[in-house]
Amino acid sequence: MPLLDVENLTVTLATSSGSAQAVRNLSFSLDEGEIIGIAGESGSGKTMTALSLMRLLPHKGFATGSIKFSGKDLLAQTNRAYRDIRGNQIAMIFQDPMTSLHPMIKIETQLTEHIRHHKKISQESAHLKALELLDTVKIPDPASALEAMPKQFSGGMRQRIAIAIALACDPKLLIADEPTTALDVTVQAGILRLLDQLRREKNLAVMVITHDLGVLSSLTDRIMIMYAGSEVESGLTSDLLKNPRHPYTKGLISALPTSSISGKKLLTIEGMPPELGQIPSGCAFHPRCAYAKTSCESQIPTSISISTKHRIFCPVNPLVSS
Amino acid sequence: MQQIKKSKNLTLAGNMSAKVSSSFAKFIYKRIAVGLLMMIGITFVAFAVTQVVPGDPAAVNLGQSAMSNPEIVARWRAEYGLDKPVPEQYMRYISKVLQGDLGISQHSRRPVSEDLAEYFPATIEIALVAIIFSIIIGFSLGILSAMTRDRLPDQLIRVLSLTGVSMPTFWTSLVVFYIFFFKLGWFPGTGRLDPGGDEPTHLTGLYTIDALVHGQFSIAWIALKHLALPAIVLATYTIGVLTRFTRASVLEILGNDYVRSARAKGLPEWLVIKRHVLRPALLSIITVAGVAFGGLLSGSVLVENVFSWPGLGQYAFKSAIALDLPGIMGVSIVVAGVFIIMNLIVDFLYRIIDPNLRSE
Amino acid sequence: MKMKISKGSPWRQPLALVGISILAFWIILAIFAPLIAPFDPLAQDSDALMNPNHLHWLGTDSVGRDIFSRIIYGARISLPLAILLVFLSIIVGSIIGGLAGYFGGWIDSTLMRFADIVLAFPGIILAMAVSAALGPQLRNAVLAVVLVAWPTYARLVRSLILSSKDSDYVTASRLLGSSTRRTLLVDLRPNISGSVLVLGALEAGNGLLLLSGLSFLGLGAQPPSAEWGAMVSAGANNFEKWWIGIFPGIAILTAVLAFNFIGDTLRDALDPRTAKALRN
Numbered sequence: 001m002p003l004l005d006v007e008n009l010t011v012t013l014a015t016s017s018g019s020a021q022a023v024r025n026l027s028f029s030l031d032e033g034e035i036i037g038i039a040g041e042s043g044s045g046k047t048m049t050a051l052s053l054m055r056l057l058p059h060k061g062f063a064t065g066s067i068k069f070s071g072k073d074l075l076a077q078t079n080r081a082y083r084d085i086r087g088n089q090i091a092m093i094f095q096d097p098m099t100s101l102h103p104m105i106k107i108e109t110q111l112t113e114h115i116r117h118h119k120k121i122s123q124e125s126a127h128l129k130a131l132e133l134l135d136t137v138k139i140p141d142p143a144s145a146l147e148a149m150p151k152q153f154s155g156g157m158r159q160r161i162a163i164a165i166a167l168a169c170d171p172k173l174l175i176a177d178e179p180t181t182a183l184d185v186t187v188q189a190g191i192l193r194l195l196d197q198l199r200r201e202k203n204l205a206v207m208v209i210t211h212d213l214g215v216l217s218s219l220t221d222r223i224m225i226m227y228a229g230s231e232v233e234s235g236l237t238s239d240l241l242k243n244p245r246h247p248y249t250k251g252l253i254s255a256l257p258t259s260s261i262s263g264k265k266l267l268t269i270e271g272m273p274p275e276l277g278q279i280p281s282g283c284a285f286h287p288r289c290a291y292a293k294t295s296c297e298s299q300i301p302t303s304i305s306i307s308t309k310h311r312i313f314c315p316v317n318p319l320v321s322s
Numbered sequence: 001m002q003q004i005k006k007s008k009n010l011t012l013a014g015n016m017s018a019k020v021s022s023s024f025a026k027f028i029y030k031r032i033a034v035g036l037l038m039m040i041g042i043t044f045v046a047f048a049v050t051q052v053v054p055g056d057p058a059a060v061n062l063g064q065s066a067m068s069n070p071e072i073v074a075r076w077r078a079e080y081g082l083d084k085p086v087p088e089q090y091m092r093y094i095s096k097v098l099q100g101d102l103g104i105s106q107h108s109r110r111p112v113s114e115d116l117a118e119y120f121p122a123t124i125e126i127a128l129v130a131i132i133f134s135i136i137i138g139f140s141l142g143i144l145s146a147m148t149r150d151r152l153p154d155q156l157i158r159v160l161s162l163t164g165v166s167m168p169t170f171w172t173s174l175v176v177f178y179i180f181f182f183k184l185g186w187f188p189g190t191g192r193l194d195p196g197g198d199e200p201t202h203l204t205g206l207y208t209i210d211a212l213v214h215g216q217f218s219i220a221w222i223a224l225k226h227l228a229l230p231a232i233v234l235a236t237y238t239i240g241v242l243t244r245f246t247r248a249s250v251l252e253i254l255g256n257d258y259v260r261s262a263r264a265k266g267l268p269e270w271l272v273i274k275r276h277v278l279r280p281a282l283l284s285i286i287t288v289a290g291v292a293f294g295g296l297l298s299g300s301v302l303v304e305n306v307f308s309w310p311g312l313g314q315y316a317f318k319s320a321i322a323l324d325l326p327g328i329m330g331v332s333i334v335v336a337g338v339f340i341i342m343n344l345i346v347d348f349l350y351r352i353i354d355p356n357l358r359s360e
Numbered sequence: 001m002k003m004k005i006s007k008g009s010p011w012r013q014p015l016a017l018v019g020i021s022i023l024a025f026w027i028i029l030a031i032f033a034p035l036i037a038p039f040d041p042l043a044q045d046s047d048a049l050m051n052p053n054h055l056h057w058l059g060t061d062s063v064g065r066d067i068f069s070r071i072i073y074g075a076r077i078s079l080p081l082a083i084l085l086v087f088l089s090i091i092v093g094s095i096i097g098g099l100a101g102y103f104g105g106w107i108d109s110t111l112m113r114f115a116d117i118v119l120a121f122p123g124i125i126l127a128m129a130v131s132a133a134l135g136p137q138l139r140n141a142v143l144a145v146v147l148v149a150w151p152t153y154a155r156l157v158r159s160l161i162l163s164s165k166d167s168d169y170v171t172a173s174r175l176l177g178s179s180t181r182r183t184l185l186v187d188l189r190p191n192i193s194g195s196v197l198v199l200g201a202l203e204a205g206n207g208l209l210l211l212s213g214l215s216f217l218g219l220g221a222q223p224p225s226a227e228w229g230a231m232v233s234a235g236a237n238n239f240e241k242w243w244i245g246i247f248p249g250i251a252i253l254t255a256v257l258a259f260n261f262i263g264d265t266l267r268d269a270l271d272p273r274t275a276k277a278l279r280n
C-alpha cells in the first residue's frame, strides 16, 4: 500500500467571476521514503494540490475526490481529527522563508509549540528536541538560536529553521512548495542536499513542488508534470528527463538553460498558460501545441502507458515519435 | 510600521541594556520634538483661522450699546491685545504660552488655564471610559467577524458596525437620554453629579477616581451612573470604526504566510488566533485607537451638549460662538497635547507588543 | 492601481442594494416633495406639539409645523449638500494632494504637514470655530466641513499618484513628450478617480453627520429651516416630546447609512492595496 494515494482530486476555487477548477482529476501515489517532484508553470495547480493535502485551501476553496494517507481518507476527516495528522504526520514547508516564520515569536516557541500540542511532552523535553532539530538542519549554536527572533537569520538559515519546524513531530510525509525558489543559488544546493539526507536518514517521503526542473533532476525518484490543473506526463526522473514524450514536457526541458549549453538553441513554449476558469476544451494544452490535431480541441486525453511508471496524457504524440 | 533589518548573519542580543536606554531616550526626545512642532502648527492654524474670517469678537462679547461707544470698544480691544498687528498678537501669545499663561477667556472672564483645568478632566473621564469600551468591544467583534468571514455573524456585525458609524451622536444622545432617563429612570439626567450633590475631594479631576481614592464610595457610584450614558453614546461611533478596522486587519493577517505556517502545524484554531494573529492585529489596532481617541474629543462636543456635561467640548462650543480667541487657542493646545500623549502611548504599547522593537 | 470593480458585481450585493434603495427613496421624496408632503413645511397652522396622529403622521413641533412634511422638505437640503460637500472636498483635496504627489520635495512636505495638522485636529472643533467666525449660516457650515474634510482626499490622491507616478505607462507618456500637466490630467486621472469616488461615497456620510451636527449646535442651518440637524436640535430643547427630535434623526441616520453601505461595499470590491489606502 502506498503511503499517499490521491485519486481524481479536483480543487475548486472561488474567483471574482464564479468558481473555477484549479486542479482537475489528478491521480498519483507516493511510497514511504520516496521523493516525487511536481513541476509545471505557475498556475498549473501544483501548489493547490499541496494545499489540498494540507487542507489549507484559500477561503471558499474545496477539494473533491479522495486523498488516502496510510489508508485514511484525508478529505473525509473532521477538522478536529485532521488537525492530529496535519503538522504531525504530514508537514509542509513554504516558498518564502522571509515570510513563513512569525516575525514576533521567538524561534523556540515556533519550533516547539506543535511538538507540545501533538506529543503532549514537557517543556524541557521539547527544548531538548528543539536543540536536536536545529542541529539536524545544521544551524550553528542551537542554544542561542532558540532565543533569537526570525529577523536575526538569513533566508537560507530561515528555510533550515522552517524545515526543522516541519520535521519536529517526525512526519511521514513532507511537502516542500518551491523550497529553494526564494533563495540565492549558492544556498539552494545546501537545502536540496539537506532534504536528500533527511529522506535517507528518516525514510521520509517528500513531495517537492517547483517550476524548476533543474531542482528536481538531482533530488527526485519520480517526476509528474502538470499543466492547467491536470497531469500531462509522469515517470521515473531519468526516464522522463531523457525521453520526454508529451509535447509540453519536451518544451519545458528544451527551455531549460542547461540544455542550451550543449549547443542547441534555447527554446520557449509559445503563448501563455490559461487563466484560472478559462481552461480550453479537450486537451488544455492544444492552443500552444505544435502537434495539435482538430480532435485535440474536443477530446479529453486519457492516460497512455509508455513503460512501467511512465505515462502520458496525449493521444497524438506517441504516434508522432514512433 | 516596524523596521525589520535584514541581518545576514547570526547576531544575537547581548549587552543591550545600555544601548536600549539611550535609544529609547532619543526616541522620546524625537517624539516630543515632533509633538511640539505639531503643537505650534495646530495653534498656528487655529490662530490663522480665527484671523482670516470676518467675525468681530468685540461685537459678540460687548452688547449693542457698548458697541456704539468707540471708547469702550477700543479699551476692550486693548485689554485683549486685539489692537496690535496680527503677527505680533501671535508672537505675544506664543511667548506667553511658553511661560504657562494662556490668557483670559473673553466669555468666562477667567484665566483659560483655570477653565481648562476644570473642564478638561470631565471630558477625559468620559473619553477614557468610551475608548476602553470601544477597544474591548470593537476588538472582540472584529475578530469574531473575521473568523466567521462572509457567514451570518460577520454579516450581522458588519451591519451593526456600519450603523454605529452612521448614527448622529447628538441624536443618539437624545434617544438614550429620553429612554433611560426620562422614560425608565434607570440613569440620572444631566451633569456629572446629582444636583446639589457633594463633589469628591479633588485629586485628578476624574470624579470616579477621586472618589474611589478617597473612599467616598457613594459619590463614586453617583459619578459612575452619570458617566454611563454619555460614555456609551460616545463609544458607538468608535466601536463601529474599530470593529471594521479589526476585521480588515485580522483578515489581512490571516492571509499572511506565517499564519498558514501556524495552521500547517496542526494547531487548533483558537491557538493560531491567540498566539499568531492577536499580537500583530493589536499593533495596527492601537494605532487606530490612538487616532480614534482624537475623534472622541470631536464627538464629545455633541454629547456634552445634550447631557450638559461640563467638559472641553462644551467649553470649545462656548468659546467658538463667543469668538473667544484665548479660549479657542487654549482648547487647541489641549488637543495638541492629547495628540502628543496619545502618540507616545501608542509608541510605548508598540514596544510592549512587538519583541523586535524591544531589543532595538 | 487598477480599479477592479468587476462586472458591476458590488452593485448587486445586498448591502449596496439596500443603500441604493434608501438613497433612491430620499431622492424621490426630495424631488416630489411638494406633491408628497401633506403640509407646508414652514406653515404654523396646526396645533403645536401634537402627538403623531392620522393627520400629522409624525406629529407637530413647538410652533405647530408638520414634522413629516418638514422631514420630506429636509431631504431637499441635506442630500444635495452631502453631494456638494463631497464634490468640493474632492476638488480641494485632489488639487493639494495632486500637487504634493506630483512635485514632491518641499511642496509635498509643506502641504502634507498642513494636511496632518488639520487631520490631527478634532474636526468639529475646527469646523465650529470657522463656522462661528464666518457667521452661523448653512453656507458657512458647508465651507467649514470642506475645510475639515479635504486632507483625507489629499492624502489618498497623493499616495495614488506616488504609486503610479513611476509606473511604465506614465514614464512612457512623458518620454513621448507629454507635458507635466497633461500627464497629471490625462494619464493619471482615470486611475485615481475610481478610488477617490469610493472615498467620496464613504465620506459623504461623515460629511452629512458633521454638517447636521453643526446645525444641531446652531452653527449651520438657522430656524425656520427644515434642515434635519436643526430639527433634532428643536427636539433636544423639548425632549419630553420625543417625536420632534427622534424622527428627523432617523432621517439623518438612514441617509448616512445608505452612503456607508454603498461606500463599504465598493471599497471591498477594490483591490486590497487600494482598499488599505482608503482605510488609513
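Residue numbers (full-length UniProt numbering), protein chains in the order written: chain Z, 1 to 322; chain X, 1 to 360; chain R, 1 to 280.
Beta carbons: idealized from backbone N, C-alpha and C, even for Gly.
Boundaries of the alpha helix (DSSP H) in which residue i is found, first to last residue
| i | result |
| --- | --- |
| residue 243 of chain Z | Careful: residue 243 of chain Z lies outside any alpha helix (DSSP H) and carries neither H nor E. |
| residue 15 of chain Z | It is not in any alpha helix (DSSP H) - residue 15 of chain Z instead sits in the beta strand (DSSP E) that spans 4-15. |
| residue 259 of chain X | 257-264 |
| residue 227 of chain Z | Segment 222-227 is the beta strand (DSSP E) holding residue 227 of chain Z; no alpha helix (DSSP H) there. |
| residue 275 of chain X | From DSSP, residue 275 of chain X is part of no alpha helix (DSSP H); its letter is neither H nor E. |
| residue 144 of chain Z | 142-147 |
Within-8 Å CB hit, residue i to chain X
| i | result |
| --- | --- |
| residue 22 of chain R | no |
| residue 84 of chain Z | yes |
| residue 261 of chain Z | At residue 261 of chain Z the pLDDT is 49, less than 50, meaning the model places this residue with poor confidence; the figure from the coordinates comes in the next sentence. No, no contact with chain X. |
| residue 213 of chain Z | no |
| residue 17 of chain Z | no |
| residue 151 of chain Z | yes |
| residue 112 of chain Z | no |
| residue 227 of chain R | no |
| residue 48 of chain Z | no |
| residue 240 of chain R | yes |
| residue 46 of chain R | no |
| residue 103 of chain Z | yes |
| residue 12 of chain Z | no |
Identity of the residue in the options nearest residue i by Cα
| i | options | result |
| --- | --- | --- |
| residue 88 of chain R | R:197, R:233, R:245 | R:197 |
| residue 354 of chain X | X:296, X:320, X:276, X:331 | X:276 |
| residue 241 of chain R | R:121, R:171, R:173, R:51 | R:51 |
| residue 226 of chain R | R:244, R:238, R:47, R:133 | R:244 |
| residue 280 of chain X | X:308, X:38, X:246, X:80 | X:246 |
In DSSP terms, what residue i is bridged to
| i | result |
| --- | --- |
| residue 210 of chain Z | Z:39 |
| residue 92 of chain Z | Z:175 |
| residue 62 of chain Z | Z:12 |
| residue 236 of chain Z | Z:222 |
| residue 70 of chain R | The partner list for residue 70 of chain R (beta bridge, DSSP) is empty, contrary to what the question assumes. |
Limits of the beta strand (DSSP E) - the one that residue i falls within
| i | result |
| --- | --- |
| residue 30 of chain Z | 18-30 |
Cβ-heavy atom distance, residue i to the ligand NAD, below 7 Å
| i | result |
| --- | --- |
| residue 233 of chain Z | The ligand NAD is not among the ligands present in this structure, which contains no ligands whatsoever. |
CB contact check: residue i to chain Z, cutoff 8 Å
| i | result |
| --- | --- |
| residue 280 of chain X | yes |
| residue 261 of chain X | yes |
| residue 214 of chain X | no |
is_contact[residue i, chain R] using C-beta, thresh 8 Å
| i | result |
| --- | --- |
| residue 186 of chain X | no |
| residue 316 of chain X | yes |
Inter-residue CB distance, residue i and residue j (contact presumed, cutoff 8 Å)
| i | j | result |
| --- | --- | --- |
| residue 26 of chain R | residue 75 of chain R | 5 Å |
| residue 169 of chain X | residue 313 of chain X | Between residue 313 of chain X and residue 169 of chain X the Cβ distance is about 10 Å, and since that is not below 8 Å, they are no contact. |
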